[in-house]
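Residue numbers (UniProt numbering), protein chains in the order written: chain A, 1 to 158; chain B, 1 to 158; chain C, 1 to 158; chain D, 1 to 158; chain E, 1 to 158; chain F, 1 to 158. For each residue, glycine too, the CB sits at the ideal point set by N, CA and C.
Protein chains: 6
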Amino acid sequence: MRKKKRQPLTQKVVTDNQDDILMISANIDDQTPEMLAPVMPLLLEQGAYDVFFSGIQMKKNRPGIELNVLVDPGDQEAMIYTILKHTSTMGVRLQTWQRRIMRRHFETLTTSLGPVRIKVARYQDITKKTPEYEDCQKIAVAKHLTLQQVYQAVYQNL
Amino acid sequence: MRKKKRQPLTQKVVTDNQDDILMISANIDDQTPEMLAPVMPLLLEQGAYDVFFSGIQMKKNRPGIELNVLVDPGDQEAMIYTILKHTSTMGVRLQTWQRRIMRRHFETLTTSLGPVRIKVARYQDITKKTPEYEDCQKIAVAKHLTLQQVYQAVYQNL
Amino acid sequence: MRKKKRQPLTQKVVTDNQDDILMISANIDDQTPEMLAPVMPLLLEQGAYDVFFSGIQMKKNRPGIELNVLVDPGDQEAMIYTILKHTSTMGVRLQTWQRRIMRRHFETLTTSLGPVRIKVARYQDITKKTPEYEDCQKIAVAKHLTLQQVYQAVYQNL
Amino acid sequence: MRKKKRQPLTQKVVTDNQDDILMISANIDDQTPEMLAPVMPLLLEQGAYDVFFSGIQMKKNRPGIELNVLVDPGDQEAMIYTILKHTSTMGVRLQTWQRRIMRRHFETLTTSLGPVRIKVARYQDITKKTPEYEDCQKIAVAKHLTLQQVYQAVYQNL
Amino acid sequence: MRKKKRQPLTQKVVTDNQDDILMISANIDDQTPEMLAPVMPLLLEQGAYDVFFSGIQMKKNRPGIELNVLVDPGDQEAMIYTILKHTSTMGVRLQTWQRRIMRRHFETLTTSLGPVRIKVARYQDITKKTPEYEDCQKIAVAKHLTLQQVYQAVYQNL
Amino acid sequence: MRKKKRQPLTQKVVTDNQDDILMISANIDDQTPEMLAPVMPLLLEQGAYDVFFSGIQMKKNRPGIELNVLVDPGDQEAMIYTILKHTSTMGVRLQTWQRRIMRRHFETLTTSLGPVRIKVARYQDITKKTPEYEDCQKIAVAKHLTLQQVYQAVYQNL
Ligand code: NI
Ligand code: NI
Ligand code: NI
Ligand code: NI
Ligand code: NI
Ligand code: NI
Ligand code: NI
Ligand code: NI
Ligand code: NI
Ligand code: NI
Ligand code: NI
Ligand code: NI
Numbered sequence: 001m002r003k004k005k006r007q008p009l010t011q012k013v014v015t016d017n018q019d020d021i022l023m024i025s026a027n028i029d030d031q032t033p034e035m036l037a038p039v040m041p042l043l044l045e046q047g048a049y050d051v052f053f054s055g056i057q058m059k060k061n062r063p064g065i066e067l068n069v070l071v072d073p074g075d076q077e078a079m080i081y082t083i084l085k086h087t088s089t090m091g092v093r094l095q096t097w098q099r100r101i102m103r104r105h106f107e108t109l110t111t112s113l114g115p116v117r118i119k120v121a122r123y124q125d126i127t128k129k130t131p132e133y134e135d136c137q138k139i140a141v142a143k144h145l146t147l148q149q150v151y152q153a154v155y156q157n158l
Numbered sequence: 001m002r003k004k005k006r007q008p009l010t011q012k013v014v015t016d017n018q019d020d021i022l023m024i025s026a027n028i029d030d031q032t033p034e035m036l037a038p039v040m041p042l043l044l045e046q047g048a049y050d051v052f053f054s055g056i057q058m059k060k061n062r063p064g065i066e067l068n069v070l071v072d073p074g075d076q077e078a079m080i081y082t083i084l085k086h087t088s089t090m091g092v093r094l095q096t097w098q099r100r101i102m103r104r105h106f107e108t109l110t111t112s113l114g115p116v117r118i119k120v121a122r123y124q125d126i127t128k129k130t131p132e133y134e135d136c137q138k139i140a141v142a143k144h145l146t147l148q149q150v151y152q153a154v155y156q157n158l
Numbered sequence: 001m002r003k004k005k006r007q008p009l010t011q012k013v014v015t016d017n018q019d020d021i022l023m024i025s026a027n028i029d030d031q032t033p034e035m036l037a038p039v040m041p042l043l044l045e046q047g048a049y050d051v052f053f054s055g056i057q058m059k060k061n062r063p064g065i066e067l068n069v070l071v072d073p074g075d076q077e078a079m080i081y082t083i084l085k086h087t088s089t090m091g092v093r094l095q096t097w098q099r100r101i102m103r104r105h106f107e108t109l110t111t112s113l114g115p116v117r118i119k120v121a122r123y124q125d126i127t128k129k130t131p132e133y134e135d136c137q138k139i140a141v142a143k144h145l146t147l148q149q150v151y152q153a154v155y156q157n158l
Numbered sequence: 001m002r003k004k005k006r007q008p009l010t011q012k013v014v015t016d017n018q019d020d021i022l023m024i025s026a027n028i029d030d031q032t033p034e035m036l037a038p039v040m041p042l043l044l045e046q047g048a049y050d051v052f053f054s055g056i057q058m059k060k061n062r063p064g065i066e067l068n069v070l071v072d073p074g075d076q077e078a079m080i081y082t083i084l085k086h087t088s089t090m091g092v093r094l095q096t097w098q099r100r101i102m103r104r105h106f107e108t109l110t111t112s113l114g115p116v117r118i119k120v121a122r123y124q125d126i127t128k129k130t131p132e133y134e135d136c137q138k139i140a141v142a143k144h145l146t147l148q149q150v151y152q153a154v155y156q157n158l
Numbered sequence: 001m002r003k004k005k006r007q008p009l010t011q012k013v014v015t016d017n018q019d020d021i022l023m024i025s026a027n028i029d030d031q032t033p034e035m036l037a038p039v040m041p042l043l044l045e046q047g048a049y050d051v052f053f054s055g056i057q058m059k060k061n062r063p064g065i066e067l068n069v070l071v072d073p074g075d076q077e078a079m080i081y082t083i084l085k086h087t088s089t090m091g092v093r094l095q096t097w098q099r100r101i102m103r104r105h106f107e108t109l110t111t112s113l114g115p116v117r118i119k120v121a122r123y124q125d126i127t128k129k130t131p132e133y134e135d136c137q138k139i140a141v142a143k144h145l146t147l148q149q150v151y152q153a154v155y156q157n158l
Numbered sequence: 001m002r003k004k005k006r007q008p009l010t011q012k013v014v015t016d017n018q019d020d021i022l023m024i025s026a027n028i029d030d031q032t033p034e035m036l037a038p039v040m041p042l043l044l045e046q047g048a049y050d051v052f053f054s055g056i057q058m059k060k061n062r063p064g065i066e067l068n069v070l071v072d073p074g075d076q077e078a079m080i081y082t083i084l085k086h087t088s089t090m091g092v093r094l095q096t097w098q099r100r101i102m103r104r105h106f107e108t109l110t111t112s113l114g115p116v117r118i119k120v121a122r123y124q125d126i127t128k129k130t131p132e133y134e135d136c137q138k139i140a141v142a143k144h145l146t147l148q149q150v151y152q153a154v155y156q157n158l
């Protein structure tokens with residue numbers, strides 16, 4: 001199990017607006033939910049961009065799970081290895097998708113609750129400003145506020 | 001494992017329009033889909049009115065399954081026993097629902113494809129006539145037709 | 001089909017914080033999604049508080065739909081009648097739930113985009129202020145903005 | 001926001017039986033369901049062939065939504081723009097699918113309830129005749145019948 | 001936000017086989033998945049027996065989320081308060097379920113990988129022995145094994 | 001309807017570890033669950049590797065079903081024909097995925113309950129041994145044991 005810590009996609013500065021992404025998928029019917037669950041954070045730690053489960057109805061009345069992993073095409077071999085090792089599946093399927101992404105960078109906003117990083121994303125004439133989830137979550141815990149209260153305070157200064 | 005074969009609810013003549021039904025539910029996170037699946041026909045064979053799975057998102061990123069079983073309140077003890085024996089759950093929850101049901105009886109319709117039972121259901125001024133699924137399915141297989149073709153033929157004679 | 005137009009729950013002034021609500025449910029496996037869909041707005045027009053579908057896995061590999069309708073207990077008979085008339089089900093199940101609700105009233109906020117109603121809800125020391133969805137949606141369409149832009153403008157004045 | 005009204009795919013005459021279709025997808029975890037919902041009719045108005053949501057289980061216990069949009073490859077840029085503008089996502093993924101479709105044209109059927117358009121679709125030796133949903137829905141409302149009653153009347157004349 | 005740390009239900013010794021459990025539910029359509037997610041561990045920390053999300057299809061094309069919380073009836077007021085505070089809902093619904101549970105206690109098994117707690121559950125003539133998930137997970141991380149390898153080693157000694 | 005019986009993928013000996021697989025998909029909104037369900041075993045009998053349903057939320061509040069079929073690319077035409085014939089869809093979409101699979105062969109294990117085939121799968125340094133589901137299921141029925149009891153007995157001899 002290699003341990004390449006990389007920044008999650010949502011916290012990266014992005015300057016291009018096109019690239020490719022690889023989806024690796026498998027249908028799981030012979031692993032328990034509690035044994036499949038730790039595969040999600042494990043793949044994210046190893047650099048997967050996104051991991052998500054989808055409940056599916058398989059043959060013979062089986063309430064199966066589709067595992068989907070979005071990765072950098074360069075990580076293909078390492079990710080396949082981890083999925084085959086830590087899940088019960090005997091095979092995975094692979095599909096390359098093109099991606100179109102907004103250019104993004106970070107700014108720091110001074111709010112009544114302290115500094116919060118703001119992700120600023122642009123595509124043609126579209127601009128989106130999004131408070132960093134982790135910053136808001138930390139303030140919520142530290143100041144004993146709800147996440148909703150923190151976001152509202154941030155929006156009032158945006 | 002008792003083997004009380006009873007007619008499935010959908011094939012019973014019903015003359016009252018109210019009764020009670022018991023729902024028995026459990027959240028499953030430590031049994032594989034392929035081991036949970038045979039519980040569905042097993043419970044139906046033992047007289048459950050309906051069994052259904054629902055994909056749920058449980059704690060710690062677990063893609064769990066909610067098992068729901070609708071039974072005659074008189075079968076409560078036998079059904080609890082079977083669920084505790086054949087699933088991994090350590091407990092079940094129980095809830096009584098009232099039911100309102102349409103009175104129903106069966107008629108036989110002569111169609112171009114042969115006789116088909118029609119379930120005739122009534123509630124106040126509402127009448128519904130539904131071809132028996134199993135009869136249509138048998139004709140489809142025997143005559144090498146699609147189910148859709150059989151239903152359309154039946155509706156043309158209804 | 002009676003046509004009792006009543007205000008949706010989310011737009012009512014509420015002064016008590018407890019009442020009862022009736023859930024009416026049915027598992028549907030013999031009606032098409034496109035024929036089941038219009039039942040949702042129909043029940044809401046007739047005064048249902050909430051209507052929601054949930055995908056379930058039924059016997060014999062059927063990808064069924066659970067229909068759930070939350071209604072005022074006083075509307076029980078009319079709602080059962082509509083469900084039995086407009087869906088394929090031959091029976092429904094009924095369950096009373098207690099409810100605990102926040103007291104709420106409306107205020108009007110003057111924003112840079114015009115007036116917007118704000119729902120103010122209170123429970124013990126909790127206060128929530130929520131812009132009325134329909135007001136924001138109307139402004140978004142009229143001023144050719146995204147909903148997100150409207151909500152952000154409202155939050156800045158809240 | 002451009003407003004190219006085009007006929008929905010299900011109401012087009014189709015004479016070829018192969019083409020390509022583009023799927024545009026995004027995983028949404030930072031937009032509310034009520035703010036995401038209007039994107040569905042908006043994309044359909046702009047000419048998307050199909051739009052559908054799928055509940056997915058994302059990282060950190062998030063009950064996210066996968067947005068899927070099927071479009072004409074020639075509409076790629078306009079559709080990407082609308083999705084990036086009206087949803088919270090910072091990127092979309094793109095995949096081309098081949099399609100195999102039944103040739104289809106419309107006929108008008110005279111029924112006891114009035115004229116109803118019938119979509120006639122052919123592929124090799126397969127023929128399917130489907131009553132137009134919108135026509136049936138209009139009759140149901142005008143004559144105060146259930147959709148099921150209208151379809152049954154149509155099938156009896158098909 | 002009170003912080004009553006209590007043992008999760010799955011790690012308790014249980015000597016009775018019947019009790020009552022309260023389900024608190026709400027349909028969420030105006031909170032983002034990333035803001036709803038932290039409510040799950042928060043409620044579990046405060047003593048909820050189980051918390052689970054279920055994707056539902058709400059009115060106006062909204063892909064909503066049903067929040068379900070199973071709690072000790074004695075915790076009703078505290079749990080309602082937390083849900084109303086940390087989610088966007090303006091009301092919750094409450095339902096008491098009976099429960100039937102297996103009696104259970106813990107034993108320690110010496111395995112080739114070290115000691116593992118085994119939950120031993122009994123109901124009439126049924127006995128189930130389940131390795132403690134957390135113990136197996138810790139061994140997997142410490143010895144760099146997959147969970148599946150740890151469970152198989154434990155089963156070989158059970 | 002051709003009847004090419006082929007061994008299900010999960011019971012094949014596999015000696016290569018790469019190939020291509022074709023996914024055929026369709027969104028269904030005008031077929032009932034009970035009429036769609038028999039398509040699953042029908043496609044598997046004709047040689048599909050996997051068939052699965054996924055509940056999706058389609059336009060106009062329709063709780064639709066996504067049908068997904070994974071097939072050998074050489075079976076493309078026959079599978080498209082069967083899907084168009086036995087479902088209500090007027091078109092399907094097609095996508096080729098690469099696959100990476102574990103090499104596998106079968107061994108027979110002598111257990112206290114009799115012989116059980118074990119699937120042995122290998123990929124680089126990963127080895128997985130999985131009891132054949134059908135063998136375990138037959139023993140469970142014959143000896144009146146739960147599937148869990150059979151698997152535990154097998155694991156103790158693995
Ligand atoms: Ni590893
Ligand atoms: Ni995010
Ligand atoms: Ni039994
Ligand atoms: Ni039925
Ligand atoms: Ni009506
Ligand atoms: Ni609302
Ligand atoms: Ni626009
Ligand atoms: Ni259609
Ligand atoms: Ni709190
Ligand atoms: Ni557990
Ligand atoms: Ni055929
Ligand atoms: Ni398998």
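Under the DSSP assignment, A121(F) falls outside any alpha helix (DSSP H), being part of the beta strand (DSSP E) whose first and last residues are 114-123.
Using a Cβ-Cβ cut-off of 9 Å, Q152(E) is close to K129, Y155, L158 of chain F, given in chain order. Per DSSP, D135(C) lies in no beta strand (DSSP E); the unbroken alpha helix (DSSP H) holding it starts and ends at 133-143.
Within chain C, no C-beta atom comes nearer than 7 Å to that of P33(A); the closest sits roughly 15 Å away. The residue among L22(B), Q31(B), Y151(B) with its C-alpha nearest the C-alpha of A78(B) is L22(B). Distance between R100(A) and V69(A), taken at the CA atoms: about 18 Å. Rounded to whole angstroms, the separation of the alpha carbons of T15(A) and G74(A) is 19 Å.
Taking C-beta atoms as the reference points, P33(A) and M58(B) count as a pair closer than 9 Å. Distances from the CA of E134(B) to each of P63(B), L44(B), Y151(B), D20(B) were compared; the closest alpha carbon is that of Y151(B).
The Cβ-Cβ distance between K119(E) and M90(B) falls below 9 Å. With the criterion set as a beta carbon lying under 7 Å from some beta carbon of chain C, the members of the region 49-67 of chain A are Q57, N61, P63, in sequence order. Each of G114(B), D29(B), K85(B) was checked against the Cα of D125(E), and the nearest Cα belongs to K85(B). Runs of the alpha helix (DSSP H) lying entirely within the region 40-103 of chain F and spanning at least 4 residues, in chain order: 76-86. DSSP, read as helix, strand or coil, puts A153(F) in helix. Chain-ordered listing is empty here: chain E has no CB closer than 9 Å to the CB of L94(C), the nearest sitting near 13 Å. Interface annotation for the region 74-102 of chain C against chain B: I80, Y81, L84, K85, M90, G91, V92, R93, L94, Q95, criterion Cβ-Cβ distance under 7 Å. The C-alpha of I80(B) is placed about 13 Å away from the C-alpha of G47(B).
Annotation: A142(F) to S54(F) spans about 34 Å, alpha carbon to alpha carbon. L22(E): member of the beta strand (DSSP E) spanning 18-28, first to last residue.
In terms of CA proximity to T127(B), F106(B) leads the group V51(B), I139(B), F106(B), T82(B).
By the beta-carbon neighbour count (other beta carbons within 10 angstroms, threshold 16), V13(B) is exposed.
DSSP, reduced to helix, strand and coil, places L158(E) outside both helices and strands of the structure shown, so it counts as coil. The residues I139, A153, in chain order, have a CB closer than 6 Å to that of L113(B) in the same chain once the five nearest residues on each side in sequence are set aside. When the Cα atoms are used, A37(A) and T111(C) turn out to be separated by approximately 45 Å.
A direct Cα-to-Cα measurement between P115(D) and N157(D) gives close to 11 Å.
When L42(D), S88(D), E45(D) are compared, the shortest CA-CA separation from Y123(A) is found for S88(D).
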